[in-house]
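To keep things clear, I will list the structure first and then write my remarks on it.
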Amino acid sequence: MYGNDFGPADRPTPSDGAGGHLDSRDLEADFQAIIDSDGRIEPRDAMPQAYRKSLIRQIAQHAHSEIIGMQPEGNWISRAPSLRRKAILMAKVQDEAGHGLYLYAAAETLGAERADLLDMLHNGKQKYSSIFNYPTLTWADMGAIGWLVDGAAIVNQVPLCRCSYGPYARAMVRVCKEESFHQRQGFEILYTLSHGTSGQHAMAQDAVNRWWWPSLMMFGPPDAQSPNTEQSMAWGIKRFSNDDLRQRFIDMTVPQATALGLDLPDPELRWNAERDHYDSGEINFTELFEVIKGNGPCNASRMAHRRRAHEDGAWVREAADAYAAKHRTATNSPPGHAAA
Amino acid sequence: MPTSTRHLATAPSNADVSRYALRLGDDALISAQRMGEWIAAAPQLEEDVALGNIALDLLGQARALLTYAGQLEGAGRDEDDLAYLRDERQFLNAQIFELGNGDFGFTVARLLVTSTYQHALYAGLRHSADSTLAAIAAKAVKEVDYHRDHATQWTLRLGDGTAESHRRMQQGVDAVWPYVSELFESDALTTALAASGVAVDPNSLEEQVLVYVEQVLTEATLTRPEATVRHTGGRSGIHTEQFGYVLAEMQHLARSHPGAKW
Amino acid sequence: MTEGDDRVVTTEVVTGTEPQQLNAEGGHGAVPLEGVATQQAPQAAAARDWPLWEVFVRAKRGLSHVHVGSLHAPDAAMAVRNARDLYTRRQEGVSIWVMPAEHITATSPDEKDAFFDPAADKIYRHPTFYSVPEGVKHL
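Chains as they are written, first to last, in this note's numbering: chain A, 1 to 340; chain B, 341 to 602; chain C, 603 to 741.
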């Protein structure tokens, strides 16, 4: 039988790898050999504890980001200015819920449990991408998020489709397929606004002014200040450095801004023929660190909204469990999940 | 719609068919607007996906019906003109669709009624003498079949779940019941259009819808309320107090930029 | 789950002005790497999520079922419906199997990848739907 293949006796525990198995250098060598040949590590393979933990952290926070990311865009569903835009935005936000679910499923193959991961999101022990702590103030923010934020995410995510851990790579293939329509939707919104009334054009430019720098910060601090990158690369989780990805994003996006008829709020952006890349101004990372610390405009409200949805829904989830327990037959429900 | 009488009735006017399509379209539009509010707020992530699907389906139905209504009207109004530029008294949805979502129990109770109603409606409308309405209904009936199934699954689980879920679900059923009868009211418009084979007479749907809903309620250990209060007026543009807020939120941005394209 | 050095005991708030350990991990990046727990003490049974189900989909007639991922659902009826929403977006003609994860017994297999196209009737999910000016690259 192929697929996620935990038998009850084989479910990995945190002590896997810390003790007996990885005393054998053969297992570690096998693991590294798969990585080095660009193969895929699958759930039942022996893996270093640190690799497992690193992936759980990354995948879980990725999933949390998708879920929290539903909020800034979900804000505008009820106010979308045309029925077509409303439908597209609904589909987009719904996709994000789906992405979160695919990613939680991938994290669970590593021995995490979704209830725990969500709990750690709610109590602050795990984080989500800081970009979602910015507010969506106007309709044009829907365009800016699609074009810039999702654009940056795509640059980040496409390499993950070839990451060394099979379930994560496969989830990313599915995510990337759906993500490309998100970015096009954002571009189209901005194009329409930019070429619309003067009020619409101003709305679009204002949104781009607010979202450009935070989008660049999505790629993290400069490489010199990101020592963790090396290990992630050795494990085939991270394929390119922060600076490489950021540069790639800038190079792709600047011509798109021209096509949009909108300016990017960086007077130092210019093509450098020698480097064959765009030069850009220095990023003020202090803002990013403040937002990560919890001082961004929406940190509190994003978490409050998320916790409230979860708490308000507790009675519903419990009801479903109770019903399943009452109606349990031999095959319609797994054992060991009786209502508490 | 007996075929023998169809050719005897006067051919329906575009204005009449337009108004009928507008009623159905407004039902779907306002329903979509309310369901959409659950996105990022649902009790479980799987439910965000499911309720989002339902909202998207309803919005698709609304767009098709409003577009058709505008075409028949012949005054150059498209789906967005109709959705964003009409005032409260010009909307023709039944009141049940505009009620606030309340808690998940109320939402499920309301969805059970409206999806069963829409399923019966579209199942009949597939045979409409109007080929556009028939085509819209043929697609929609598959979608609302899923909505009805979803509402049924949740009614069972909430009604026959915990004591608290039973209480909340019963409360939801009780709160929505005064708005049920309006769905089955006939008037001169629907009577005439039903006679010419274009529309489904709402009156003709009542029994099958209530039978289904009652079956589900019974299986869910819930009680069907007595129909003491019967609210009405939506088909003539008389809505609840909440409706103004629904439109204010939905229409504000579009109305702030007259003539703009989005 | 057993305790070990992987349970983070401090709920540290990232402080100070020196660059924090964070990078472009995951999708939207800019997440911390330090001070992030990867597990915690097991919760009471009442707080557990719905059971885990594995999902298998036959995309079209002639193909066999392929594992596409997993989801949580309270029972089989909801599992198969959730699977349809999540893994097929309700595309017709598809066959779905769901299986409680706990019921699967496995050996160490050679995994084969599979992915499945989103529903054809949801036109917004296909990038070519959008009008994008000629010559704009990378979209």
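Glycine included, C-beta positions come from ideal geometry on N, C-alpha and C. Values in this document were obtained by computation on a predicted structure and should not be read as measured data.
Between residue i and chain A, is there a C-beta pair that is closer than 8 angstroms?
i        : result
C:Arg744 : The requested residue 744 of chain C does not occur in the structure, where chain C is confined to residues 603 to 741.
B:Pro565 : no
B:Arg363 : no
B:Trp602 : yes
B:Leu451 : no
C:Thr690 : no
B:Gly584 : no
B:Gly392 : yes
C:Leu665 : no
B:Ala480 : no
B:Thr558 : no
B:Phe446 : no
Does residue i have its Cβ less than 8 angstroms from a Cβ in chain B?
i        : result
C:His674 : yes
C:Met701 : no
A:Val93  : yes
A:Val175 : no
C:Arg683 : yes
C:Ala678 : no
A:Met142 : no
Which value, in whole angstroms, describes the spacing of the CA atoms of residue i and residue j?
i        : j        : result
A:Asn242 : C:Val638 : 20 angstroms
C:Pro676 : B:Gln384 : 11 angstroms
B:Asn433 : A:Ala91  : 24 angstroms
B:Leu405 : B:Glu547 : 25 angstroms
A:Asn209 : B:Asp420 : 30 angstroms
A:Ser65  : B:Ala469 : 50 angstroms
C:Ser697 : A:Arg174 : 19 angstroms
B:Asp427 : B:Arg466 : 31 angstroms
A:Ser37  : A:Ser164 : 10 angstroms
A:Phe181 : B:Val553 : 39 angstroms
B:Leu398 : B:Val357 : 20 angstroms
B:Ala382 : B:Val389 : 9 angstroms
B:Glu559 : A:Tyr323 : 12 angstroms
B:Val481 : B:Thr454 : 13 angstroms
A:Asn272 : A:Glu311 : 53 angstroms
A:Asp30  : B:Gly512 : 59 angstroms
B:Asn354 : B:His459 : 25 angstroms
Measure the beta-carbon distance from residue i to residue j and round it to whole angstroms, keeping in mind my assumption that it falls under 8 angstroms.
i        : j        : result
A:Thr192 : B:Trp602 : 6 angstroms
A:Met218 : A:Ile283 : Contact flag wrong, Cβ pair sits at about 11 angstroms.
A:Gln200 : B:Ala600 : 6 angstroms
A:Ser215 : A:Ala152 : 5 angstroms
A:Trp76  : A:Ala144 : Contact doesn't hold; Cβ gap of about 12 angstroms is too wide.
B:Leu593 : A:Arg79  : 5 angstroms
C:Gly664 : C:Tyr689 : With 8 angstroms as the limit, C:Gly664 and C:Tyr689 do not qualify as a contact, their Cβ atoms being about 19 angstroms apart.
Please confirm whether residue i has its beta-carbon closer than 8 angstroms to some beta-carbon of chain C.
i        : result
B:Glu386 : yes
A:Ile129 : Per the sequence shown, residue 129 of chain A should be read as Ser rather than Ile. Yes, its Cβ sits closer than 8 angstroms to a Cβ of chain C.
B:Val484 : no
A:Arg208 : First, the residue type needs correcting, since residue 208 of chain A is Val and not Arg in the sequence shown. No, because no Cβ of chain C sits closer than 8 angstroms to the Cβ of A:Val208.
B:Val389 : yes
A:Leu83  : no
A:Val254 : no
A:His62  : yes
B:Asn441 : no
B:Gln493 : yes
A:Phe6   : Any reading at A:Phe6 needs caution, since the residue's pLDDT is 36, under 50, leaving its predicted position unreliable; the model's value is listed next. Taking Cβ atoms only, chain C reaches closer than 8 angstroms to A:Phe6, which makes this a yes.
A:Lys326 : no
Tell whether a beta-carbon distance below 8 angstroms holds between residue i and residue j.
i        : j        : result
A:Tyr128 : A:Cys298 : no
A:Asp119 : C:Gln641 : no
A:Met203 : A:Trp147 : no
B:Ala351 : B:Ser536 : yes
B:Ala380 : A:Gly74  : yes
B:Ser505 : A:Val93  : no
C:Val751 : C:Leu673 : No information on residue 751 of chain C is available, as it lies outside the stretch 603 to 741 that chain C covers here.
A:Glu179 : A:Gln157 : yes
A:Asp321 : C:Trp652 : yes
B:Val556 : B:Thr495 : yes
A:Gly39  : A:Ile67  : no
A:Cys176 : A:Ala169 : no
*Would you call the region 434 to 451 of chain B and the region 510 to 521 of chain B touching, i.e. three or more CB-CB distances under 8 angstroms?*
Because the criterion of three Cβ pairs below 8 angstroms is met, the region 434 to 451 of chain B and the region 510 to 521 of chain B touch.
*How do the region 174 to 189 of chain A and the region 582 to 589 of chain B stand: do at least 3 beta-carbon pairs fall below 8 angstroms, yes or no?*
No: fewer than three Cβ pairs fall under 8 angstroms.
_Assess contact between the region 485 to 495 of chain B and the region 675 to 689 of chain C, defined as three or more Cβ pairs (one per stretch) separated by less than 8 angstroms. Is contact present?_
Output reads yes: the region 675 to 689 of chain C touches the region 485 to 495 of chain B.
*Decide if the region 269 to 289 of chain A is in contact with the region 243 to 261 of chain A; the criterion is three or more beta carbon pairs, one per stretch, under 8 angstroms apart.*
Contact holds: three or more Cβ-Cβ distances are below 8 angstroms.
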